[in-house]
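Numbered per mature numbering (1 follows the signal peptide of the UniProt record, and there is no 0), the sequence shown spans residues -22 to -1, 1 to 899.
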Amino acid sequence: MLFIRSTLVLLVLAFNLQCSWAFSDYLLKTCAQSGFCHRNRQYASNIQESKRSPYSIDPSHLIFNDPLHTLRGTVVKRIPQENGSEQVIELPFTLDLLEGSKAHFTIDELRDPVNVKEPLNTRRYNETLSWALHESANLFPTPNVKVTKPKSLSRDKQLILKSEDKSIKMKLHLKTFKIEVFYMEDLVMTINDRMLLNLEHLRKPENNAENKLPEEIIFNDFHDDFQYSREDTIPFGPESVALDLTFNGMENVYGIPEHADSLRLKDTTDSDPYRLFNVDVFEYNTDSKMPMYGAIPLMIGTRPGVSAGVFWANAADTWIDIKYDESNTKTHWISEAGIIDVIIFFAETPLEITKAYTNLTGTPSLPLLSAVGYHQCRWNYNDERDVLTVDYEMDKAEIPYDFIWLDLEYTEDKKYFTWKPEAFPNPQKMLKKLWKVGRNMVTLIDPHIKVGYDISETIERSGTAVKNSINEIYHGHCWPGESIWIDSFSRKAQGVWGKFVSKFVKNANNLFIWNDMNEPSIFSGPETTAPKDLLHDGGYEERSVHNLYGLTLHETTYNSLKQGYAKENKRPFVLTRAFFAGSQRSAATWTGDNVANWDYLKISIPMCLTNNIAGFPFIGADIAGFSGNPSDELLVRWYQTGMWYPFFRAHAHIDTLRREPYLLKESVKSIVRDVIRLRYALLPTFYTAFHDASVSGVPVMNPIFYEKPTLEETYRIDDEFYLGRSGLLVKPVTEEGCMSTQVFFPPGIFYDYFTLQSFSMEKSGYRDVDVSEETLPLFIEGGHIIVRKDRYRRSARLMARDPFTLLIAPNATQEASGNLYVDDGETYSYQEGNYLDVLFTLKDGILESSISHYPADRSLGSNLIEDIIIATPNFQKPSGTILIQQGDMRKEVNVQVDPYHRYFKIPNPLLEIGKPWTILF
Ligand code: NOJ
């Protein structure tokens, strides 16, 4: 029976993969079909009617300021019984005020092991934070929290907690478990304002009814009647957790990737909630709240002067309702299992929230410089000859690229860690050929492992496979047919995987890994993924840890590669499809299986922006659409958009026509070539933006409201963005046949990037900008200095010694500044201080460079500056010669003026980038 149903799902999926261009919605549950979502939504509406609060804080159990300065207590759930008595469930509660305007609270349940069968772990899963936070993240409470409590504590009293710096005050209402949070004395967030707190405690089927609150319903508590998950054993019965959080005075919330939706999240009153549940959604719907491959449960709300963040540290299937209500945003978070574990953040701007969040979950790792270049991928490059032909043709067409990718078919019979021998007889030789010009290769390695070869046998023998509900190795179907899954939650499995990876990359130094299908995607599984009653390390159900699985895999792959490349001290490159909070520390990601049409091009921008503000900026979308064949116009527009994705990769489905850039007709090819070359010219600026992200979490693709948080009119703009903090403002064209587009500009002076024609915006607003097929609306905001490398080279590595060009865009007060970060682009030696950090400034008629950090390897700073271009008219061309000074060198030169008087140029100043210099005008 199981086999027939699995085969049916398989057929449905296979049909889906071949024929249609839309996701088959019936494969996924709606909220009404999901037991815990439906129950909690229903509870939410019933409790609004009854206006009763079943949850309170027990005043007699509160412990203040213990040595860790934590508030510990008990949340009490009272369930009226038919005979007039009450059943009382005690739920342990902690609350910490953290340094830097943050707070952390948890609500757990102590479960009686008597009711739980081996090998299931009795505890609710509470380790999500240990995966999400970086190793040395500090969740210590602030030392001097001031607690104001009434003389006698009774149920209807309040407690006030204040952080030492007085930025945060929390008013805890004991009677209803309501917490009001004030930031700088301003009420910014209310927790459990609507009394939607709910924790379905452990009970048995036979006494389920007496364990229900009057506002609760019975629906799929101990079984699941959704057609694809009827076998779910649900051993704990109902065990969801839910809570409402209100962002006061805020009408805009963002975050909770991954969804193919707008940057500003939508009201869900008349639809399903947003769902976070990592699933394989081939040709997903756009403008949709459906779950996707990744999940980051971080939401950010903002208004001018104040921003707040909620990090819901729960890895189970999660639904989030949003209601924009007058001037507040009301949110309702519902997770199927685990504990309530929440960190809330407060700051003046949304950027500060992202920074505070990455300070805890880790900033994105600094990628290989080459990984910031262009990636050429396709399912599939068939053999070595195919690979080397692409390589050769790209060079012949003078189109730079850095990574060539091998999808699924390079393996022998879909057995990962093997090469198809007839197609790739000598991978080492091929890799060496690529490395001659500094190029890299990525091969796909998925977590499903075909049964019956040494890799799966090792996993089986070592007991490191994911188990089914009766603790036997789980078998399911994916690309190779019958497969098992590595349980990368376990240390032992991590070690086993590490050995596979080390062996695979042995003798190579330019071979990297793509972890695809790691939601995990299971063709024979419910909702395209793993059954929820599978068992992982520690006796935890898939139900509790599902959204973490992808992270455990790609982090293991990253650590394994790091180990494999330890001798070279090389930074690994890993691409993952599934992700969770913290994934930014070890991987890049992409938006999965999109389609070559305009809707997917358009939605790729807010999708990437959302990931960027949720701390995971290294993201892109398949250019120019994974499925289908793009028109020339769409392809051009997609490259023009995609060159701004932090992860810049072309990829295509196996059934599509070949579309490598050199195959395009001449007119199209030359536009695409220019676009890719523009990305390479701007690599120093991109890499500096990646470095900024790696230091503080600032987005690489940066929404306008992140740069201009006081301008409310920017809060809904998600088709335009800045490149990091560089001042480059982009509005990609995503409409077919577009001849003119409206671009939003904040107040200030702006320059067209290509012509340097300037205009001034007295106040913010839209301007019509004409576009042609070749043009890309790209502007520099006055006040910035952009750094480029203008010479064409075949790869990023070959640009290492190339000279720089500086482009100065003065503001109204004739000032400008910009940064440049340089390192070897490949190793971790920057962590030992081997990097160059330069600040360029224009002020009071002096352009100068100062060095904030010198590299140990001085050759990193020996590149010359070959051109300095200064945009006018905001900065007048000097009438005579100008004086250039660097160390003992002093020279007077004449500047060159462009015929349209839009800029002047200092040609060949021959200044070394790694030493300070001054130019006096
Ligand atoms: C699914 C991925 O999303 C896609 O990019 C890849 O080409 C296929 N798997 C085949 O490996």
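We put the CB at the ideal spot given by N, CA and C, even for glycine.
Reduced DSSP category for residue i - H, G, I as helix; E, B as strand; rest coil
i: residue 323; result: strand
i: residue 616; result: helix
i: residue 657; result: helix
i: residue 572; result: coil
i: residue 477; result: helix
i: residue 716; result: coil
i: residue 630; result: coil
i: residue 228; result: coil
i: residue 8; result: coil
i: residue 763; result: strand
i: residue 690; result: helix
i: residue 187; result: helix
i: residue 291; result: coil
i: residue 350; result: helix
i: residue 410; result: helix
i: residue 331; result: helix
i: residue 910; result: Shown here, the chain extends from -22 to 899; a query on residue 910 therefore has no answer.
i: residue 356; result: coil
i: residue 739; result: strand
i: residue 787; result: strand
i: residue 397; result: coil
i: residue 92; result: helix
Cβ-based neighbour list, residue i, same chain, cut-off 7 Å, excluding 5 preceding and 5 following
i: residue 208; result: 202
i: residue 199; result: 13, 186, 215, 216
i: residue 811; result: 834
i: residue 197; result: 13, 16, 17
i: residue 396; result: 389, 390
i: residue 308; result: 172, 222, 224, 301
Span of the alpha helix (DSSP H) around residue i
i: residue 373; result: 362 to 374
i: residue 586; result: 576 to 591
i: residue 15; result: 13 to 28
i: residue 522; result: 520 to 523
i: residue 379; result: Here residue 379 belongs to no alpha helix (DSSP H), and DSSP marks it neither H nor E.
8 Å Cβ cutoff met for residue i and residue j
i: residue 616; j: residue 602; result: yes
i: residue 894; j: residue 782; result: no
i: residue 424; j: residue 444; result: no
i: residue 526; j: residue 293; result: yes
i: residue 841; j: residue 786; result: no
i: residue 788; j: residue 754; result: no
i: residue 565; j: residue 557; result: yes
i: residue 387; j: residue 358; result: yes
i: residue 99; j: residue 516; result: yes
i: residue 238; j: residue 148; result: no
i: residue 416; j: residue 658; result: no
i: residue 570; j: residue 598; result: no
i: residue 762; j: residue 828; result: no
i: residue 234; j: residue 138; result: no
i: residue 682; j: residue 328; result: no
i: residue 348; j: residue 803; result: yes
i: residue 674; j: residue 341; result: yes
i: residue 742; j: residue 725; result: yes
Same chain, Cβ closer than 8 Å to residue i, five either side skipped, listed in chain order
i: residue 21; result: 174, 176, 191, 193, 194, 195, 220
Exposure of residue i, with buried meaning 16 or more beta-carbon neighbours within 10 Å
i: residue 885; result: exposed
i: residue 670; result: buried
i: residue 230; result: buried
i: residue 64; result: exposed
i: residue 503; result: buried
Close Cβ partners of residue i (< 6 Å) along its chain, the five nearest in sequence each way excluded
i: residue 73; result: 49, 83
i: residue 281; result: 227, 228
i: residue 286; result: 166, 167, 225, 279, 324
i: residue 422; result: 385, 386, 492, 494
i: residue 306; result: 224, 226
N- and C-terminal bounds of the beta strand (DSSP E) containing residue i
i: residue 622; result: Looking at the DSSP string, residue 622 is not in any beta strand (DSSP E), and its letter there is neither H nor E.
i: residue 276; result: 276 to 281
i: residue 74; result: 64 to 76
i: residue 205; result: Residue 205 -> no beta strand (DSSP E), and no H or E assigned at all.
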